[in-house]
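Undergrad: Numbering (my numbering), first residue to last: 1 to 446.
Please find one structure pasted underneath; my questions will follow.
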Ligand SMILES: [Zn+2]
């Protein structure tokens, strides 16, 4: 089983390969990102994706219950004895006509994938199930991550399940309340750095190298293998068919990178006929991908990405002392570590990139809350972005669209309370002050 997987540099000019049992987060030869790759001829694959449905009948086996490991042949890097699961991936793909109407889609065409239903309340658990399995393979004893919040919650939960020590780096004042509370409650050592997420990301890489900690940011290629399964579950939710569009928030770009890889592999294996298109939605206050792709015309270019465009853009951010700002803290990132993998995903999925304002995000969030199961602010960027793409005619009203709602509404209660109680938006629903008087209360409700 284990000779089926290896790590490979994404830079085609390098292409260096490494054993799956090594702990590497960048190619030692050229410094680019690494992928997990498979010798597919050594994997016993199903003939069609619907065969995975059989595992529902044996869900008393935790690996068949896991929304990650029940697709284990498609992330086949790990013997069963190392596989970690706490019941992640029991998520819902909900068709939602009320939200469809808000986004100018026809009834029956819009689906919401609620990743907030994971154990720690965000999509990160998919990735952690896979990455902590790798941590067990390599015998790691301590783990660390930089986080805008969701990663720290998920890492802390999985680390202690696996009996690993856990240190999380967060930017001061930049983490939503719900997420911060989770990290502390799950027992993580929380280090608040005076800086933003990008500062934390730089620090954690150096600290991990110095102290030999296992790094759980999405630089970790095994994490992205777990996140591929979000796409398998969307396909499952659609009766084993692919949608026309996947829409995902863009922060550190791990999800979009994982989704592109998932579809590329499924197509290569003959398990899907067509790859859906992908839209990645930034916040306007953290819109590096939008700037680079739409304005600077940066592309994957068969792996020969024009590094000078990126370097110049980042130099300009530094010169301006730029720090990203959006209410959607999960995507408040200006130097996304998975940028090049995301460019590859955009190429694979004929993708588009858009940026939406905080106001649009908050209004869309209120609509998802009122008519759906709710979500954290970054997740709502998908619906706000879909409105743009409908207005531009890029997405058709009868296309089948799946939006990935990455986190639970209770992740960021402050924003929700401010929006409603502070009457900040079009859909604010503030509480009504009433005297302690029966007749007056009746008058208000009638
Ligand atoms: Zn390399």
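Virtual Cβ for every residue (Gly too), placed ideally from N, Cα, C.
Would residue 36 and residue 221 be called neighbours here (beta carbons separated by less than 7 Å)?
TA: The answer is yes: Cβ separation under 7 Å.
Undergrad: For residue 397, which of 245, 202, 439 has the nearest alpha-carbon?
TA: The shortest Cα separation from residue 397 among 245, 202, 439 belongs to 245.
Undergrad: Look up residue 168 in the DSSP assignment and say whether it is helix, strand or coil.
TA: Residue 168: strand per DSSP, three-state reduction.
Undergrad: So, with DSSP's three-state summary, where would you put residue 3?
TA: If DSSP states are grouped into helix, strand and coil, residue 3 belongs with the helices.
Undergrad: What does the alpha-carbon distance come out to for the pair residue 195 and residue 61?
TA: If I take the Cα positions, the gap works out to 44 Å.
Undergrad: Please list, in chain order, all residues of the same chain as residue 418 whose beta carbon is under 7 Å from its beta carbon, the five residues on each side excluded.
TA: These residues qualify, in order along the chain: 424.
Undergrad: Starting from residue 278, trace the beta strand (DSSP E) both ways and give me its first and last residue.
TA: Note, residue 278: beta strand (DSSP E), 277–283.
Undergrad: Tell me where the alpha helix (DSSP H) around residue 440 begins and ends.
TA: Note, residue 440: alpha helix (DSSP H), 438–445.
Undergrad: Curious, which full-length beta strand (DSSP E) runs of at least 3 residues does the region 129–166 contain?
TA: Complete beta strand (DSSP E) runs here, min 3: 142–147.
Undergrad: Relative to the alpha-carbon of residue 165, which residue among 216, 342, 178 has its alpha-carbon at the smallest distance?
TA: Taking only the C-alpha atoms, the option nearest residue 165 is 216.
Undergrad: According to the Cβ coordinates, are residue 67 and residue 233 closer than 7 Å?
TA: Yes. Within cutoff.
Undergrad: Tell me, to the nearest whole angstrom, how far the beta carbon of residue 208 is from that of residue 144; I am working on the premise that it is less than 8 Å.
TA: With a Cβ gap of about 6 Å, residue 208 and residue 144 count as contacting.
Undergrad: May I have all residues whose beta carbon comes closer than 6 Å to any heavy atom of ligand 1, sorted in chain order?
TA: Answer in sequence order: 9, 11, 14, 16, 27, 29, 30, 32.
Undergrad: For residue 334, name the three-state secondary structure that DSSP assigns.
TA: Residue 334: coil per DSSP, three-state reduction.
Undergrad: So which of 313, 87, 112, 100 has the shortest CA-CA distance to residue 94?
TA: Selected option, being the one with the closest Cα: 112.
Undergrad: In the DSSP assignment, find the alpha helix (DSSP H) that holds residue 415 and state where it starts and stops.
TA: 413–421 is the span of the alpha helix (DSSP H), which, as asked, contains residue 415.
Undergrad: What are the partner residues of residue 352, as DSSP defines its beta bridges?
TA: Partner(s): 279.
Undergrad: Going by other Cβ atoms of all chains shown within 10 Å of its Cβ, with 16 needed for buried, is residue 120 buried or exposed?
TA: Buried, since its Cβ has 16 or more Cβ neighbours within 10 Å.
Undergrad: Helix, strand or coil for residue 189 per DSSP?
TA: Three-state result, residue 189: strand.
Undergrad: Would you report the Cα separation of residue 97 and residue 106, rounded to the nearest angstrom?
TA: One C-alpha to the other measures close to 8 Å.
Undergrad: For residue 40, which three-state DSSP category applies?
TA: Note: residue 40 maps to helix in three-state DSSP.
Undergrad: Report back the beta-carbon spacing between residue 390 and residue 290 to the nearest angstrom; my notes put them in contact at under 8 Å.
TA: Their Cβ separation, rounded to whole angstroms, is 18 Å, which puts residue 390 and residue 290 out of contact at 8 Å.
Undergrad: Measuring CB to CB, does residue 422 end up less than 7 Å from residue 376?
TA: Not closer than 7 Å, so no.
Undergrad: Nearest to residue 254 by CA position, among 343, 324, 167, is which residue?
TA: When only C-alpha atoms are compared, the closest one is 343.
Undergrad: Please classify residue 244: does DSSP put it in a helix, a strand, or coil?
TA: It is coil, neither helix nor strand.
Undergrad: Buried or exposed: where does residue 56 fall if 16 or more other Cβ atoms within 10 Å of its Cβ makes it buried?
TA: Flag for residue 56 reads exposed.
Undergrad: Could you tell me the distance, in whole angstroms, from the CA atom of residue 214 to the CA atom of residue 308?
TA: If you take the alpha carbons of residue 214 and residue 308, they lie about 31 Å apart.
Undergrad: Below 8 Å, can you find three or more Cβ-Cβ pairs linking the region 314–333 to the region 376–386?
TA: Yes: at least three Cβ pairs fall under 8 Å.
Undergrad: Among 182, 4, 441, 239, which residue has its Cα nearest to the Cα of residue 52?
TA: Residue 239 is the option with its Cα nearest to residue 52.
Undergrad: Specify the secondary structure class of residue 257 as computed by DSSP and reduced to three states.
TA: The answer is helix: DSSP assigns residue 257 an H, G or I state.
Undergrad: How would you write the range of the beta strand (DSSP E) that residue 404 sits in, first residue to last?
TA: Looking at the DSSP string, the run of the beta strand (DSSP E) that includes residue 404 is 401–405.
Undergrad: Could you check if residue 41 is buried or exposed, using at least 16 other CB atoms within 10 Å of its CB as the buried criterion?
TA: Per the 10 Å Cβ criterion, exposed.
Undergrad: Could you give the residue range of the beta strand (DSSP E) that holds residue 307?
TA: Taken as a continuous stretch (DSSP letters only), residue 307 belongs to no beta strand (DSSP E), being part of the alpha helix (DSSP H) at 307–319.
Undergrad: Considering only DSSP beta bridges, list what residue 19 is partnered with.
TA: Answer is 6, bridged to residue 19.
Undergrad: If you drop the 5 nearest sequence neighbours on each side, which residues of the same chain put their C-beta closer than 7 Å to that of residue 369?
TA: These residues qualify, in order along the chain: 409.
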